[in-house]
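**Student:** Here it is, the structure, as structure tokens.
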Amino acid sequence: MTRAFIFPGQGTQVVGMGKEITKAFPAAKHVFEEVDEALKQKLSKVIFEGPEKELLLTENAQPAVMAVSMALIRILQSEASFNIVKDCKFVAGHSLGEYSALTAVQAIELQDTARVLKARGRAMQDAVPQGVGAMAALIGIDLDLAKEIASEAAKGEVCVAANDNAPGQIVLSGHVGAVQRAVEIGKKKGAKRSILLAVSAPFHCSLMAPAADIMAGVLAEVQLNVPMIPIVANVTAAPEVEPLQIRRLLVEQVTSPVRWRESIMKMKKLGVRTFVEVGVGKVLTGMVKRIDRELKGFSIQSADDIDEFLNST
1134 MTRAFIFPGQ
1144 GTQVVGMGKE
1154 ITKAFPAAKH
1164 VFEEVDEALK
1174 QKLSKVIFEG
1184 PEKELLLTEN
1194 AQPAVMAVSM
1204 ALIRILQSEA
1214 SFNIVKDCKF
1224 VAGHSLGEYS
1234 ALTAVQAIEL
1244 QDTARVLKAR
1254 GRAMQDAVPQ
1264 GVGAMAALIG
1274 IDLDLAKEIA
1284 SEAAKGEVCV
1294 AANDNAPGQI
1304 VLSGHVGAVQ
1314 RAVEIGKKKG
1324 AKRSILLAVS
1334 APFHCSLMAP
1344 AADIMAGVLA
1354 EVQLNVPMIP
1364 IVANVTAAPE
1374 VEPLQIRRLL
1384 VEQVTSPVRW
1394 RESIMKMKKL
1404 GVRTFVEVGV
1414 GKVLTGMVKR
1424 IDRELKGFSI
1434 QSADDIDEFL
1444 NST
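Numbering of the sequence shown is given in my numbering, commencing with residue 1134 and proceeding in unit increments.
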């Protein structure tokens, strides 16, 4: 099988996501009911109706994005006898998307994933006081130059490459002053765009260490099974199947860079030619095409997308 399923992360959430498929497919409705039950919260109402400011809260956005991805997976399974083992070689997810991927391959139970992501979102939000950290995108700069810019901007503070998304698309994370300096340095060193991002915390850098400590405790209480197929992890950009290793990497992921470009290229090296993004938006599909034009990207986020996908297989 030359196909991999990939799952989006935070930032893709939008009020109303998943509402259409929930009305059309009982399997999707059941996913949102399970998540609501696990969280003892009517998260589905926030997802479908808002208010937007509540959905944007990290502790809500993370389980919400996962729920939409899993609703789509359940539809594929119930409506088309989709079998991820037969129809897919690897899974991967961008940051919180790793949890969606692990749930899709039955390494974590859905309700456990919802609770873990609620805790993860709260821990990441609380790790750094508001206004202390920031993130910025450097467009048109490669990873090595981005690291140089981050190092020059740090001046004793934290400033690192947090996301290696695609060629010419690097995200920096760290103290707000250092990241602001990096934006200005990036402009001088040839970045096509160098902009601060509207995020609530500096994710995937050492400032997230308090959140990583919390997640170590949270994940220690969760049953992790051997995934049905390997997951290509953000931290290693390599296939992983051993539960203890996956648990360790999920903790490390909180403070480590997302090696997305390397992950996609690793899967290509191992035979994957088509990447199917399952969830809200087409961010990862766009990244795949920027990483390597030989690769095909396909997005599943609606009933029409499901039909098109099934007709193409």
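We put the beta carbon where it would ideally sit given N, CA and C, even for glycine.
All values reported here derive from a predicted model rather than from experimental measurement.
#1: With residue 1431 as the anchor, note down where its alpha helix (DSSP H) starts and where it stops.
#2: Using only CA atoms, which one of 1301, 1295, 1373 lies nearest to residue 1336?
#3: If you drop the 5 nearest sequence neighbours on each side, which residues of the same chain put their C-beta closer than 7 angstroms to that of residue 1401?
#4: At which residues does the alpha helix (DSSP H) containing residue 1283 begin and terminate?
#5: If you draw a straight line from the C-alpha of residue 1258 to the C-alpha of residue 1136, how long is it?
#6: Can you tell me which residues form a DSSP beta bridge with residue 1074?
#7: Tell me whether residue 1363 sits in a helix, a strand or coil according to DSSP, three-state version.
#8: For the stretch 1149-1219, which segments carrying the alpha helix (DSSP H) assignment without a break, of at least 4 residues, lie completely within its bounds, in sequence order?
#9: Could you round the C-beta distance between residue 1379 and residue 1224 to whole angstroms and report it? I think they count as a contact, below 8 angstroms.
#10: From residue 1175 to residue 1188, what does the alpha carbon distance come to, in whole angstroms?
#11: Can you tell which of 1414, 1399, 1421, 1173 has the C-alpha that lies nearest to the C-alpha of residue 1408?
#12: Could you pull the start and end residues of the beta strand (DSSP E) that residue 1350 belongs to?
#13: Could you tell me whether the stretch 1207-1226 touches the stretch 1136-1155, using the rule of 3 or more Cβ pairs below 8 angstroms?
#14: Quick check on residue 1193: buried or exposed, where buried means 16 or more other Cβ atoms within 10 Å of its Cβ?
#15: In angstroms, rounded to a whole number, what distance separates the CA positions of residue 1314 and residue 1286?
#16: Since I believe residue 1364 is in contact with residue 1231 (beta carbons under 8 angstroms), could you give me their beta-carbon distance rounded to a whole number of angstroms?
#17: Could you spell out where the alpha helix (DSSP H) holding residue 1374 opens and where it closes?
#18: If we ignore side chains and look at the alpha-carbon of each, how far apart do residue 1169 and residue 1197 end up?
#19: Taking only the alpha-carbon atoms, compute the straight-line gap between residue 1250 and residue 1354 and give it to the nearest angstrom.
#20: Given that a residue counts as buried once 16 or more other Cβ atoms are within 10 Å of its Cβ, and exposed if not, what is residue 1440?
#21: Relative to the C-alpha of residue 1238, which candidate in 1253, 1248, 1220 has its C-alpha closest?
#22: Just to confirm the assignment, what range does the beta strand (DSSP E) spanning residue 1409 have?
**Tutor:** Let me lay it out:
#1: That residue, residue 1431, is in no alpha helix (DSSP H); its beta strand (DSSP E) goes 1429-1433.
#2: Residue 1295 is the option with its Cα nearest to residue 1336.
#3: Hits under 7 angstroms: 1425, 1428.
#4: Residue 1283 -> alpha helix (DSSP H) spans 1276-1287.
#5: 34 angstroms
#6: Absent from the model: residue 1074. The displayed extent of the chain is 1134 to 1446, so no value can be given.
#7: coil
#8: 1152-1157, 1159-1172, 1176-1182, 1185-1188, 1191-1213
#9: About 12 angstroms; that fails the 8 angstroms criterion.
#10: 12 angstroms
#11: 1421
#12: Per DSSP, residue 1350 is not a residue of any beta strand (DSSP E); the alpha helix (DSSP H) it occupies stretches across 1342-1353.
#13: yes
#14: A residue is called buried when at least 16 other Cβ atoms come within 10 angstroms of its Cβ; residue 1193 meets this threshold and is buried.
#15: Whole-angstrom Cα-Cα distance: 5 angstroms.
#16: Yes, residue 1231 and residue 1364 are in contact; Cβ-Cβ is about 7 angstroms, under 8 angstroms.
#17: Premise fails: residue 1374 is in no alpha helix (DSSP H) and is neither H nor E.
#18: Going by the C-alpha atoms only, they are around 10 angstroms apart.
#19: 13 angstroms
#20: exposed
#21: Out of 1253, 1248, 1220, 1220 has the C-alpha closest to the C-alpha of residue 1238.
#22: 1407-1411
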